[in-house]
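Protein chains in written order, with full-length UniProt numbering: chain A, 1 to 386; chain B, 1 to 411. Glycine included, C-beta positions come from ideal geometry on N, C-alpha and C. From a predicted model like this one, the values you see are computed outputs, not experimental measurements.
If you want it as C-alpha cells, here you go:
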C-alpha cells in the first residue's frame, strides 16, 4: 500500500514523536501552573513558539498555537474582520478551503458582512486583475491561500497582499498546503495573518500554528482562561506545539537539501507520456504546469467516468483522493475544479496524488505505473495509437 | 515524573493513563484522515467511531450526541454561543443567560463576550457559602424572567472548591419552561456520576486531559433535538457543528481514559475521598487555622469532588504558599491554572461570600489516578512549615511583591 494522500493527512514524523514523547508522559504539566511541573511545560511551549517564529521570521509574541488549520483560518478571518470591520466586506478567492469560505459565510450571516469572491483562471491561479476590482476601502480582510489543496497551484500571495494593504485591508493566507514545500518567511513578511496545520507536515493532529501580526487587532474565537495573551483560551498543548515546531524544522532542512523537488515533475511527465502514447486525450493535468508545489500532482481523465480511476488505484495499492477530504463522500463536483471552469462530469474524474518530500523514489515510479495501468485498463484500446 | 516529587494538581491537568498512552501511541503509527474514503481513511474513521461510542457510553449519552472539540474551553464556547444564537434566532426577545458566579473562565468569558458583543443579558444565580447553587433563587428567577431567558448554565463540579451542583434539578427546572440547560462537566466527568441522558441537559462539556487522556481533545454532548450554530466553520464535520480534521489518535486516547474512569468510578471515588478525608482531619490538627472551603462530604455522598482539597490559610498569600510548597517538592495550585499569575482573589470564593483578602489566601490540592497515601503524607509533612514560612512573608497590601511565576506568563 502506498499512501499518496499527504494533503489530507500525513503520519507524525519520527523526529516529532521523539520530541513529543516526554511531553506526553513525564513532563505533562499545564503551562499555566506555577509549580515546577508547570514551568517545565511552559519552557516546552516557549521553545516551540520560538522555533516556529524563527521559521516564519516573525516575533515570538506573534505566534499562537491552535487546534489546527480550521481554527487558525477561522481566527484570522473572523477575528481580523471583527477587529477591523471597516466597510464590512471580506474578499476571498473562489478556491479557498471551506475553513476560510465558511468563516466568511458566518460573517455574512451573523455580522452583516458581504463576501466577494475572486475568480480563478483555468489553471487555478487566482485572478489578480479581478482582485484589484474587488478590493476597495470597504474591505476588512482579504484571504488567498498560498497553495491550493486540490491542484497545488502556488498563488502570488504578496501581490494580493499589496492590493489589500493599498486599500487598508488585512491580508490572511491559508498556508496549510504550503508549509511542507515553501519557505514561509517571505509569505509571513507579506501578510498580516498566516495559518498552518501540524498534521499535514508530519506533526500531530489537533495542532496548528497561527501568525497574527502584532500591528493589528484580532478578536479571539475562543473565550476563557486568557491563555496565549487572551487571543486563544484553552489549556495549552506543549506536545502539539513542539510537534509542529519540529515538523517545520524538518521540512525546512529537506527543502534546503532540495529533497523531492523533482518528484512532482517526474510523476506528471511519466504519467502524461505513458497515457498519451497509448490513449491520446485521456489525461489532463489540473492546475498550473509551472506554478505548483512538488507535492501535489492532480489530473482529470476525460475518457473515464466518475471515481473509477480512484477505485482502480486503491485496488492496485495506491491510496489517494479526488480532492479535499472534507468533501469526500459528497456527490457534488469539486468546487475548486468547478471554479476553474471544469464541467461537472470531468471534475468527477479528478485524482490528486499528494506526498511529502521524504517519499521513496521507487514508490513514485510504482505510483506512475499504477496510474497508467488503472486508466489504461478502463479505456478501450485506441485504434490509432502505436 | 522528574519535575515535582509529589503532584497534587490533577485538576489542572493529569498525566495520561497507560491505557490512554498505549491507545494514542498505536494510532501515531497509523495514518489516515477519517473523512477520506480510502482504506486508510476508513480505518481512521472506525477508530473515531469506536472512540465516540466509548466516550458517549462513559458519559451516559448516545454516540450521535458527541461532538469532538479541541477541549473544554472550545466545548463551553460552542455550547453557549451556539445555544444563544439559535435561541435568539427563534425568539429575539429571549436574550438572557442564567449563569452562576463560580463558573470557569471558559464560561464566564464567553457569556461576557456575548453580553458585550451580542446583546446578551446576564442573570446571575447565587450560590451559598459552600458554593452550592441556590435552587430556590433559580425558581424565582425563572418565574420572573422565563420569557426572556435563552439558556442557563451551571458547572457540574467547581474546579476550585470541588462543590458538586444539583445539575439534574437545575436542568429540570429550566426544562419546565422549555429553556435549554448547559453544564460544564470538565471536572465532574469521570469523578462523580454525570449521566447525560438522565440529566435532561441540552449540552454538556467534557475534556480528556483532566481524566487521564491527552491534551487537545474534548467533547460536547449535544442532545439530538438541539442544533448549535458552530464556532469553528469549515468542512462541515461533526453534524456541521464543528469543522476541522478529526483527531483519531487523540480520540482513541480520550476513549481509553473515559472507559477506565467510568469502569472504576465508584471505587476510585471511595479511594480518593478516603484520602481526602484523612487529609482534612490531619490538616485540621496540624494547621488549626486552616479552613476547608466547600462541602466536607466526609462520607463520600458525592457533594464534593473526591480528589479535591481546598483550604483558606489565613494571613498567608496563596502564591507564597504555592511557592514554598513547590520548593519542598509539592505541586499545588491557588485555584484554577488559568488565572494563576497575579495574586487576584478567586472569583469563586468571592461568589461564595468571602472577602477579597481571604479569597487570596487559598490553596488547592487535587488528587488523581496515581495519588497515594504517601503523597498525602508528604503534603502533611511539608504543610506546617510551608504555612509558617509563607505566613511570615505576610499578605501584600494591594499588589504582591512576591513574584512566584517567573515565567513571563500573564493570566
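Taking a beta-carbon distance threshold of 8 Å, residue 76(B) counts as an interface residue toward chain A. Selection 306(B), 326(B), 372(B) and 375(B) evaluated against residue 160(B) yields 306(B) as nearest (Cα-Cα). Residues of chain B whose Cβ lies closer than 8 Å to the Cβ of residue 11(A) are, in chain order, 28, 29, 30 and 31.
Going by DSSP, residue 263(B) is part of the alpha helix (DSSP H) stretching over 248–263.
Nearest CB-CB separation between residue 385(B) and chain A: not below the 8 Å threshold. Residues of chain A with a Cβ closer than 8 Å to the Cβ of residue 244(B) are, in chain order, 67, 68, 69, 70, 71 and 99. With contacts defined by Cβ atoms closer than 8 Å, residue 71(A) and residue 70(B) form a contacting pair. As computed with DSSP, residue 367(B) is found in no beta bridge at all.
Residues of the segment 34–51 of chain B with a Cβ closer than 9 Å to any Cβ of chain A, in chain order: 34, 35, 36, 37, 38, 39, 40, 41 and 44. Taking the Cβ atoms as the reference, residue 287(A) lies roughly 4 Å from residue 124(A), within the contact range of under 8 Å. Residue 370(A) places its beta carbon less than 8 Å from that of residue 318(A).
Runs of alpha helix (DSSP H) with 4 or more residues, each lying fully within the segment 159–206 of chain A, are found at 184–190, listed in chain order. Interface criterion met: the Cβ of residue 8(A) is under 8 Å from a Cβ in chain B. Only residues of its own chain outside the window of five on either side were considered, and among them 255, 258 and 259 have a CB closer than 7 Å to the CB of residue 54(B), listed in chain order.
Here residue 330(A) is not near residue 352(A), since their CB atoms are 8 Å or more apart.
For the segment 210–243 of chain B, the residues whose beta carbon sits under 8 Å from a beta carbon of chain A are, in order, 214, 215, 216, 217, 229, 230, 231, 232, 233, 234, 235, 236, 237 and 243. Residues 160, 335, 359 and 362 of the same chain have their beta carbon placed closer than 7 Å to that of residue 346(B), with the five preceding and five following residues left out of the count. In this structure, the beta-carbon distance from residue 320(B) to residue 390(B) falls below 8 Å. DSSP places residue 233(B) in the coil class of the three-state scheme, outside both helix and strand. Annotation: residue 148(A) has no Cβ neighbours in chain B at a cutoff of 9 Å; minimum Cβ distance is about 15 Å. Beta-bridge annotation (DSSP): residue 125(B) is paired with 100(B).
Just so you know, the alpha carbons of residue 8(B) and residue 367(B) end up roughly 6 Å apart.
Taking 8 Å as the cut-off, the beta carbon of residue 240(B) is found no closer than this to the beta carbon of residue 13(B). DSSP links residue 78(B) through a beta bridge to no other residue. Assignment of residue 5(A) by DSSP, reduced to helix, strand and coil, places it in the strand class. Using a Cβ-Cβ cut-off of 8 Å, residue 249(B) counts as an interface residue toward chain A, since at least one Cβ of chain A sits closer than that to its own. Put simply, the CB of residue 326(B) is near chain A, with a gap under 8 Å to one of its CB atoms. Distances from the CA of residue 380(A) to each of 323(A), 275(A) and 294(A) were compared; the closest alpha carbon is that of 275(A).
Its Cα nearest to that of residue 7(A), the residue 176(A) stands out among 188(A), 176(A), 236(A) and 242(A). Interface flag for residue 395(B) against chain A is unset, since no Cβ pair is found closer than 8 Å.
Put simply, the backbone Cα of residue 332(B) is about 43 Å away from that of residue 111(A). Distance from residue 206(A) to residue 68(A) at the Cβ level is roughly 6 Å; contact confirmed, criterion being Cβ atoms closer than 8 Å. Residue 150(B) and residue 67(B) do not touch by the CB rule: their CB atoms are close to 20 Å apart, not below 8 Å.
Residue state for residue 117(B) is assigned as helix, using DSSP reduced to three classes. Not a single CB atom of chain A sits nearer than 8 Å to the CB of residue 10(B). Residues are counted here when their Cβ sits less than 7 Å from a Cβ of chain A; for the segment 117–132 of chain B the count is zero.
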